[in-house]
Amino acid sequence: MTFATTRSRSEENRISPVFWVLLAVLGTSGWAVANGYGNARFGVFLFVVAGWVVSLSLHEYAHARTALHGGDITIGAKGYLTLNPFKYTHALLSVILPVIFIMLGGIGLPGGAVFIERHRIQSRVKHSLISAAGPLVNVVFGAVLLALAGSGWFDNPDLPVTVNGYDLGTSPLTAALAFLGFLQVTAAILNLLPVPGLDGYGIVEPWLSYKTRRAVEPFAPYGMLALFVVIWQTSAGDWLRQAAWAVMNLFGVHEVAAVIGQYLFMFWK
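Start counting the sequence shown at 753; every next residue gets the next number (my numbering).
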């Protein structure tokens, strides 16, 4: 192995400065919200947005790292191991639709894109594991956030969330953690659905017949848009929220905390 090759691989695995900035924004905004510095609602907005993009980066990194070990040696050269969200960004899937979902319905929509050369992966099990790795990150990240929200560590009676002088019974950071955790849970649930274009379908696709896969393939680009319509226009959105609330309750976090977190997040209202 030459020095140039070693250096190249080191650069491929180097964490991007963009990701470090996101972590800094996440930590700084969380500290400011917890201690009452600045505008609490804008602080919650920064905390949730930074946390969401961090989770997006980790989600896609998990896909990429699993694909690399599965046989796709082109992953590093594409920048997918740097945790740089701009390497995963798809304007519609990563930015526009997720923001719309959060603003309109407070639901975390899966986003991001890692282009894997699937022909290099020789095992159906490996294909499934690559697809499952991303949602697993949302599950773990959501569990950590909800555990923190339910721990009571960030409940500060001196910094209550109030509306028209009425104390809502929680502190800003606890509500922010609950809302961000809620977004992670909804993203994991949605992404595990066997809908073409989502990771849930990617998990089962290798086990389907060639004829079935060819028949479904043309619909894959529209799977997420179809899911958006179903959730927004039917009672499926309510079922999704209820499922996420049930998960939150397992961690001792009441759904009202997430609702308050969403209220704080939408500082423009």
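Using N, Cα and C, we set each Cβ at its ideal position, and we do this for glycine too.
Leaving out the 5 sequence neighbours to the left and right, which residues in its chain are closer than 8 Å to residue i when beta-carbon positions are compared?
i, result
"Asn916", "Any reading at Asn916 must be qualified, since the residue scores a pLDDT of 48, below 50, and its modelled position is unreliable; no value is offered."
"Leu810", "Leu835, Val889, Phe893"
"Gly975", "Val947, Pro948, Gly949, Leu950, Tyr953"
"Phe1019", "Asn791, Arg793, Phe794, Val796, Phe797"
Between residue i and the rest of its own chain, which residues show a CB-CB distance below 7 Å, the 5 nearest in sequence each way excluded?
i, result
"Val800", "Ala928, Phe931, Leu932, Phe1017"
Using C-beta distances below 6 Å, list every residue in its chain close to residue i, excluding the 5 sequence neighbours before and after it, in chain order.
i, result
"Phe893", "Ser807, Gln936"
"Pro887", "Ala940, Asn943, Leu944, Asp951"
"Ala979", "The sequence given here has Leu at residue 979, not Ala. Excluding residues within five positions, the ones whose Cβ falls inside 6 Å are Val947."
"Ser781", "Gly795, Leu798, Phe799"
"Val982", "Ala988"
"Ser768", "Thr834, Leu835, Asn836"
"Ala814", "Ala885, Gly886, Val889"
"Phe853", "Ile859, Leu861"
"Ile873", "Gly822, Gly823, His879"
"Asn908", "Ser923"
"Val956", "Pro946"
"Gly831", "Lys839"
"Phe971", "Pro948"
"Leu900", "Leu929"
"Gly1013", "Ala927, Ala928, Ala930, Phe931"
"Trp772", "none"
If residue i and residue j are in contact, beta carbons under 8 Å, what's the gap, nearest whole angstrom?
i, j, result
"Ala802", "Val770", "No, Ala802 and Val770 are not in contact; Cβ-Cβ is about 11 Å, not under 8 Å."
"Phe934", "Met1000", "6 Å"
"Ala1010", "Thr926", "That belief does not hold up - the Cβ atoms of Ala1010 and Thr926 are roughly 10 Å apart, past 8 Å."
"Glu1007", "Trp997", "4 Å"
"Phe1003", "Gly904", "Actually they are not in contact, since the Cβ atoms of Phe1003 and Gly904 sit about 12 Å apart, beyond 8 Å."
"Gly1046", "Asn765", "In this structure the chain extends from 753 to 1021, so residue 1046 is not present and cannot be described."
- Query: Okay, do the region 865-882 and the region 811-818 touch, 3+ Cβ pairs below 8 Å being the bar?
  - Reply: yes
- Message: Within 8 Å, do at least three Cβ pairs link the region 823-834 to the region 773-793?
- Response: The region 773-793 vs the region 823-834: no contact.
- Item | Entirely enclosed alpha helix (DSSP H) segments - the region 958-1003, minimum 4 residues | 962-968, 975-985, 988-1002
- Item | Whole runs of the alpha helix (DSSP H) within the region 776-848, excluding any shorter than 4 residues | Runs of alpha helix (DSSP H) with 4 or more residues, each lying fully within the region 776-848, are found at 792-822, 837-840, listed in chain order.
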